[in-house]
Amino acid sequence: MTKPETAARMAPGHPVPPASVHRVGPLTRTDFVRYAGAGGDFNPIHHDETFARAAGYPAVFGHGLLTAGILGGYAASWLGRRNLRRFSVRYVDQVWPGDTLVLSGEVLGCQSAPDGGTEVEVGLLVHSEAEGRQPRLVLRGGATAVYASAPAGARP
Numbered sequence: 001m002t003k004p005e006t007a008a009r010m011a012p013g014h015p016v017p018p019a020s021v022h023r024v025g026p027l028t029r030t031d032f033v034r035y036a037g038a039g040g041d042f043n044p045i046h047h048d049e050t051f052a053r054a055a056g057y058p059a060v061f062g063h064g065l066l067t068a069g070i071l072g073g074y075a076a077s078w079l080g081r082r083n084l085r086r087f088s089v090r091y092v093d094q095v096w097p098g099d100t101l102v103l104s105g106e107v108l109g110c111q112s113a114p115d116g117g118t119e120v121e122v123g124l125l126v127h128s129e130a131e132g133r134q135p136r137l138v139l140r141g142g143a144t145a146v147y148a149s150a151p152a153g154a155r156p
């Protein structure tokens with residue numbers, strides 16, 4: 001996404017513009033190791049295949065915060081970083097090597113903000129796609145963005 005939305009163009013049910021639907025991946029073990037270095041989480045379950053299998057997993061898997069961070073960047077790009085006031089996620093499933101993340105969002109509601117601007121609530125989803133597997137929901141999120149009221153005579 002290159003240009004954040006404006007409150008004037010948002011209404012409940014308004015999806016992310018199709019040209020802006022975002023895909024990330026396929027994710028690799030290297031992506032997981034890079035995130036471990038950036039986030040300081042070196043739990044071997046995310047990078048050591050033998051350890052992950054001994055713990056009962058079929059392979060290493062991505063950090064939940066990696067997926068949340070990717071979704072947060074998407075929300076900030078769509079809504080405008082300066083407008084973002086709240087961001088939350090709920091983890092649903094793991095992300096595996098080879099998964100491609102498909103990020104989507106939809107406006108759930110709009111209301112007047114205390115300062116006269118517009119407060120926009122959005123729902124966010126991350127689905128994972130991989131060859132040979134059905135797409136599945138891996139992360140559900142939400143965000144609130146606040147847009148200042150437009151000056152009189154301004155056009156959206």
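For the sequence shown, UniProt numbering assigns the number 1 to the initial residue and increments by one for each residue that follows.
Cβ coordinates follow ideal geometry from the N, Cα and C atoms, glycine included.
Non-local C-beta neighbours of P135 in its own chain, meaning closer than 8 Å and more than five positions away in sequence, comprise V102, H127, S128 and E129, ordered along the chain. Excluding residues up to 5 positions away in sequence, H63, L65 and L66 lie with their Cβ nearer than 8 Å to the Cβ of G39 in the same chain.
For F87, the enclosing beta strand (DSSP E) has its first and last residue at L84 to Y91. Excluding five sequence positions before and after Q111, the CB atoms of its chain that fall closer than 6 Å to its own CB belong to E119, given in chain order. Secondary-structure assignment with DSSP links T144 through a beta bridge to R86 and E121. Between V138 and P97, the gap from beta carbon to beta carbon reaches 8 Å or more. Collapsing the DSSP output to three states places V33 in a helix.
L71 sits away from V95, with the two beta carbons spaced by 8 Å or more.
Boundaries of the alpha helix (DSSP H) around T67: G64 to L79. Distance from the CA of G56 to the CA of H47, rounded to the nearest whole angstrom, comes to 14 Å.
Taking C-beta atoms as the reference points, S104 and L84 fail to come closer than 8 Å.
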